[in-house]
Ligand code: IPE
Ligand code: IPE
Ligand code: MG
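Residue numbers (this note's numbering): 371 to 598.
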C-alpha cells in the first residue's frame, strides 16, 4: 500500500448487537470488544500505524443501564491491568482524551499508572477516548482559554487547549456496525478526515478488516480544499 494513515481513529460500535445475536448479555459484547482492541493493536503494529485512537465511552453513554456502565469500566480496568508487559514489549504509549474525573478510582488509578509507565514508548500511541465528547471537549477548551484572560483567539488557541493537543488530526475514521454517524466524536479534529463505515460489528473486527480499511483509504483522494 502506497498511502498509509498516520492516525486512525475508531468508533467501536456494535458490541450490543453482537451479543444480542448470540442471546448473550450486552457486557459479553463489550468483553469481545476488548479482544477486538487487542487484535487491532497487533494489526496496527504490523501495518506500521503510528497513532490509533479508540472511542471507548462517550459523554452520552452515561444514559445506559448502571450495570452495563460498570461492566464497561471493569473491563477497561482489567484490560489496562493485564497488559503492561505487552505495551512495554511493543513500545506502545497509552494515553487518554476525555474528562475522567467521574470514573471509578480503581479505573483512574490503572489508567494513570499505565500512562506513566508507557510515557516514553513511541512505536505506537494508543489513545482511549473516555467520557469523551467533542462538544464537551470544546467547552472545556474555551473555558481554559477564558481563564487565561484572552480577549481574542485564533483556531490555534482552541487546538492547543483541546484534549487532543498531543495528537495529529485523524487521517482515517472507522465506525463499525454500519451506522453512518459520528456521535459527538472529535467534531473539530476530523473536519478533513476520511470516513469509512464498514458493516462489521466491532467484536468481529480483525486484521483483515483493518487491511480492507487501509486499502479503501489508500484510494481516497484528499484535497483539503485545494485542487488536485
Ligand atoms: C459500542 O457498542 C460500545 C460502546 C458504546 C461502549 P454498543 O454497546 O453501542 O453496541 P450497539 O450499538 O448497541 O450494538
Ligand atoms: C458511540 O457509539 C460511542 C462509542 C463508540 C463509545 P454509541 O452506540 O454510543 O452511539 P449512538 O448512540 O448509536 O449514536
Ligand atoms: Mg452503539
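Positions of the beta carbon are idealized from the N, C-alpha and C atoms, including for glycine. If you're wondering where the values come from, they're calculated on a predicted model, not measured in any experiment.
(request) Per DSSP, which residues does residue 497 bridge with? Please list them. (result) 423, 465
(request) Can you tell me the Cβ-Cβ gap for residue 462 and residue 494, rounded? I've got them flagged as a contact below 8 Å. (result) 5 Å
(message) Can you tell me whether residue 382 sits near ligand 1, meaning its C-beta is under 7 Å from at least one heavy atom of the ligand?
(response) yes
(request) Would you tell me roughly how many angstroms separate the C-alpha atoms of residue 465 and residue 393, rounded to the nearest one? (result) 34 Å
(request) Return no unless some Cβ of chain D is closer than 8 Å to the Cβ of residue 453. (result) You won't find chain D in this structure, because it holds only one protein chain.
(request) Please state if the CB of residue 507 and the CB of residue 542 are separated by a distance shorter than 8 Å. (result) no
(message) Shorter than 7 Å, the distance from the beta carbon of residue 515 to the closest heavy atom of ligand 1, or not?
(response) no
(request) With a threshold of 16 other CB atoms inside 10 Å of the CB of residue 561, please say whether the residue is buried or exposed. (result) exposed
(request) Can you grab the Cα-Cα spacing for the pair residue 402 / residue 579, in whole Å? (result) 16 Å
(request) Compute every distance between the C-beta of residue 424 and the non-hydrogen atoms of ligand 1, then say whether any falls below 7 Å. (result) no
(message) Assuming residue 449 and residue 381 are in contact, meaning their beta carbons sit under 8 Å apart, how far apart are those beta carbons, in whole angstroms?
(response) So it is not a contact: roughly 18 Å between Cβ atoms.
(request) With hydrogens ignored, establish whether the beta-carbon of residue 536 is closer than 7 Å to any heavy atom of ligand 1. (result) no
(message) Residues in the same chain with beta-carbon distance under 7 Å from residue 489, minus the five sequence neighbours each way, listed in chain order, please.
(response) 463
(request) Find out if the Cβ-Cβ distance for the pair residue 504, residue 537 is shorter than 8 Å. (result) no
(request) Thinking residue 427 and residue 474 are a contact (beta carbons under 8 Å), I'd like their distance in whole angstroms, please. (result) At roughly 12 Å, the Cβ-Cβ gap does not stay under 8 Å, so residue 427 and residue 474 are not in contact.
(request) May I ask you to check if the CB of residue 442 is nearer than 7 Å to at least one heavy atom of ligand 1? (result) yes
(request) Would you identify the three-state DSSP class for residue 514, choosing helix, strand or coil? (result) helix
(request) Could you work out which residue in 457, 496, 550, 386 is closest to residue 572 when comparing CA atoms only? (result) 386
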